[in-house]
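Just so you know, the sequences run in chain order V and F. In terms of numbering that gives the first Met the number 0, the first sequence opens at residue 0 and continues consecutively. In terms of numbering that gives the first Met the number 0, the second sequence opens at residue 0 and continues consecutively. In this text, a Cβ means the ideal position worked out from N, Cα and C, and glycines have one as well.
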Amino acid sequence: MKTGSFKFHVLYGLFGLLMGATLARIGFADYDQVHRMFIFADMRLLFTFGGAVLFAGAVFAVLRGHLPYHNKTLQPGTVPGSMLFGAGWAICGACPSIVFVQLGQGRLPALATLVGILFGVVLHKWAHARFFRWDTGTCGV
Amino acid sequence: MELVTGYWPWWVGALALGGVTIGFTLLVGRPLGVSGSWSKVIGWREERRLAKDAAAIQPGSEATHDAFLAATLAEFGEMGLTDVDDAGETNGKAAPGATKAQTIPWTAHLIFLFCMFLGGFLATYFAGNFHLHFDLSALHTRFAGGQWQSWVALLFGGMMVGFGTQMAGGCTSGHGLSGCSRLAAASLIATMSFFGTAVAVSFFVEVLAR
């Protein structure tokens, strides 16, 4: 399918809908639920996430060789970037997809998170061009 | 009817989230990754510039020929010119490796992000749980030390999320779901790093909120 086509946009939107709805019904956009996962007070979300990885992993293992190329390589920013992200996630209970789900659920403070992420991405684009210049392996390009 | 109102039990969530990851990977033909969409949407002008540059260096175009000629003259003087004429035979044919991989336009990424918002809304609305919240949670307000402080904490937390995921080249979906399920070493290390840090900071939050 041509990636610029209307059909491709609809497909992408469909997966956005499915993912947003799934994350909302799992409770991944609920700060208290995510916090209770991180302090191991409630294992439900941890099992959900781990189960999803195992399920996808099993299917991908079978389809090995027929999967799209992925460029996740270890680069200088992998560990410090992830640590920064982890701290931010614990503080605002949101990762880059969850913030949209939170807004969809009517959680207004997520607007601050949205602006924050926007700033962060722009700041990184600037810092990357100015100082880092390594391949981050970001997906979806 | 716990399935409709409450949160899903872990195995339902695992099947749904895993299913979205598998479906996306196979049908879209790219690994699932939301921080990549952020990057593409915010860098939409970059895409336009790249397309323009790519058009400008089309093999065989007048401009490319002139640029190479000027560069050759500058580097080797008149001596180099015979080579340019020999190489001229390949004009009009694409150089090996010049076939451009199809990139996903930023508009598709924007629709993806917007539909995640819409999906969150629809799922919550039809579960009968939709109402406006002015604070993230009582716990979060207590941890930040007040309602407006909570918004400030979110702003800075969001900046860390934005900068961190771009620097790490992935987030919960890209590294956590896509990468880990394909046993990519970088993703396993990234997931351990962000999860470990989040656990440490969450225990700190727990202390502050007490």
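HIS132(F) sits in a strand when the DSSP states are folded into three classes. With distances taken between CA atoms, PHE125(F) lies nearest to ALA20(V) out of MET0(V), PHE5(V) and ALA20(V).
With its beta carbon at least 7 Å from every one in chain F, ASP41(V) lies outside the interface.
The C-alpha of ALA28(V) is placed about 24 Å away from the C-alpha of VAL9(V). Look at the stretch 154–166 of chain F: the residues with a C-beta under 7 Å from a C-beta of chain V are LEU154, PHE155, GLY156, GLY157, MET158, MET159, VAL160, GLY161, PHE162, GLY163, THR164, GLN165 and MET166. Assigned with DSSP and collapsed to three states, ARG35(V) falls in helix.
In the displayed model, ARG106(V) falls within a strand according to three-state DSSP. Taking a contact to require three or more Cβ pairs closer than 8 Å, the stretch 96–103 of chain V and the stretch 181–194 of chain F do not qualify as touching. Counting every other CB atom within 10 Å of its CB across the protein chains shown gives GLY64(V) a total below 16, marking it as exposed. Around the beta carbon of TYR68(V), fewer than 16 other beta carbons lie within 10 angstroms, which makes this residue exposed. Counting only runs of 4 or more residues that sit fully inside the stretch 24–96 of chain V, the alpha helix (DSSP H) segments are 30–37, 43–61 and 77–91, in chain order. Straight-line measurement puts the Cα of PHE193(F) at about 14 Å from the Cα of LEU73(V).
For PHE5(V), no chain F residue has a Cβ inside 8 Å of its Cβ, as the nearest lies near 10 Å away. Put simply, of ALA55(V), GLY12(V) and ARG35(V) the residue whose alpha carbon is nearest the alpha carbon of LEU14(F) is ALA55(V). For SER4(V), the secondary structure class from DSSP, reduced to helix, strand or coil, is coil. Interface residue (Cβ-Cβ distance to chain F less than 7 Å): PHE130(V) is not classified as such.
Between the C-alpha atoms of SER172(F) and VAL11(F) there is a straight-line separation of about 18 Å.
An exposed status is given to HIS130(F), since fewer than 16 other beta-carbon atoms sit within 10 Å of its beta-carbon. For LEU31(F), the three-state secondary structure derived from DSSP is coil.
It is roughly 22 Å from the alpha-carbon of MET36(V) to the alpha-carbon of VAL19(F). Contact between GLY76(V) and MET166(F) is confirmed by a C-beta separation of about 4 Å, below the 8 Å threshold.
Against chain F, the beta carbon of VAL78(V) has neighbours under 7 Å at ILE188 and SER192, listed in chain order. Taking all protein chains shown into account, PRO95(V) has 16 or more neighbouring C-beta atoms within 10 Å of its C-beta and is therefore buried.
The stretch 38–53 of chain V makes contact with the stretch 173–183 of chain F, as at least three CB pairs between them are under 8 Å. Taking C-beta atoms as the reference points, LEU153(F) and PRO79(V) fail to come closer than 7 Å.
Closest by C-alpha distance to VAL200(F), out of ARG24(V), LEU13(V), THR112(V) and MET82(V), is MET82(V). In the structure shown, the three-state DSSP call for TYR11(V) is helix. For the set LYS6(V), GLY87(V) and THR112(V), the Cα lying nearest the Cα of ASP134(F) is the one of THR112(V). In the structure shown, LEU121(F) falls within a helical segment according to DSSP collapsed to helix, strand and coil. A direct Cα-to-Cα measurement between ILE97(V) and LEU22(V) gives close to 7 Å. ALA189(F): member of the alpha helix (DSSP H) spanning 184–208, first to last residue.
Distance from the CA atom of PHE23(F) to the CA atom of THR196(F), rounded to whole angstroms, is 28 Å. Annotation: TRP105(F) has no Cβ neighbours in chain V at a cutoff of 7 Å; minimum Cβ distance is about 10 Å. Against GLU61(F), chain V offers no close residue; the least beta-carbon distance is about 27 Å (beta-carbon pairs closer than 9 Å). DSSP places THR135(V) outside both helix and strand once states are collapsed to three, so it counts as coil.
Contact note: TRP88(V) reaches chain F through VAL160, PHE193 and ALA197, using a C-beta cutoff of 7 Å and chain order.
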